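Q:
Numbering (the working numbering), first residue to last: 94 to 207.
#1: Restricting to Cα atoms, I'd like to know which of 155, 188, 163 is closest to residue 147.
#2: Out of 149, 169, 158, 189, which one is the CA nearest neighbour of residue 107?
#3: Note down, in chain order, each residue of its chain lying with its Cβ closer than 7 Å to the Cβ of residue 172, except the 5 sequence neighbours on either side.
#4: If the criterion is Cβ atoms closer than 8 Å, does the pair residue 193 and residue 163 meet it?
#5: Measuring only the C-alpha atoms, how far is residue 128 from residue 195?
#6: What are the residues that DSSP puts in a beta bridge with residue 107?
#7: Out of 187, 190, 176, state which residue places its alpha-carbon closest to the alpha-carbon of residue 114.
#8: DSSP on residue 139, reduced to helix/strand/coil?
#9: Residues in the same chain with beta-carbon distance under 8 Å from residue 96, minus the five sequence neighbours each way, listed in chain order, please.
#10: Measure the alpha-carbon distance for residue 180 versus residue 153 and round it to whole angstroms.
#11: Whole angstroms is fine: what's the gap from residue 103's alpha carbon to residue 139's?
#12: Following the continuous beta strand (DSSP E) through residue 126, name the residue where it begins and the one where it ends.
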């Protein structure tokens, strides 16, 4: 999932909350050299990419469609919800480690939100 959904969700986020849809599914992965890594393999702390699908009015740096990097293991201020059969994660803006967006190449910024 690399783009925002075509039909916006009928949801209005509040305050500094961000709703994201995670990229891909948990399961086996493939390394750059082609080695298959099974889902049961022990992995250290790993951040995950997601796409922003809704933002609250106090979110300053993110827009719908931006890709963000967050820690799915961080229990603070994070929750999961299902809307129209799709699972989403709810985050605070401050829990997002970085962002990637085509509009950043125009501004000359790095895309990091720390």
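Glycine included, each C-beta is placed from N, C-alpha and C at the ideal position. This one's a predicted model, so the numbers in the text were calculated from it and none came from an experiment.
A: So, to answer that:
#1: Answer by Cα proximity: 155.
#2: Nearest of 149, 169, 158, 189 to residue 107, Cα basis: 149.
#3: So the qualifying residues of the chain are 183.
#4: 8 Å or more divides the Cβ of residue 193 from the Cβ of residue 163.
#5: The straight-line gap separating the alpha-carbon atoms of residue 128 and residue 195 is approximately 31 Å.
#6: According to DSSP, residue 107 bridges with nothing at all.
#7: Residue 114 has its Cα closest to that of 176, out of 187, 190, 176.
#8: Residue 139 falls in the coil class under three-state DSSP.
#9: The predicted position of residue 96 is uncertain, since its pLDDT is 48 and thus under 50; a value taken from the coordinates is nonetheless stated next. Annotation for residue 96: 144, 158 place their beta carbon closer than 8 Å to its own, counting only its chain and skipping 5 residues before and after.
#10: If I take the Cα positions, the gap works out to 24 Å.
#11: Going from the Cα of residue 103 to the Cα of residue 139 covers about 31 Å.
#12: No beta strand (DSSP E) holds residue 126; DSSP gives it neither H nor E.
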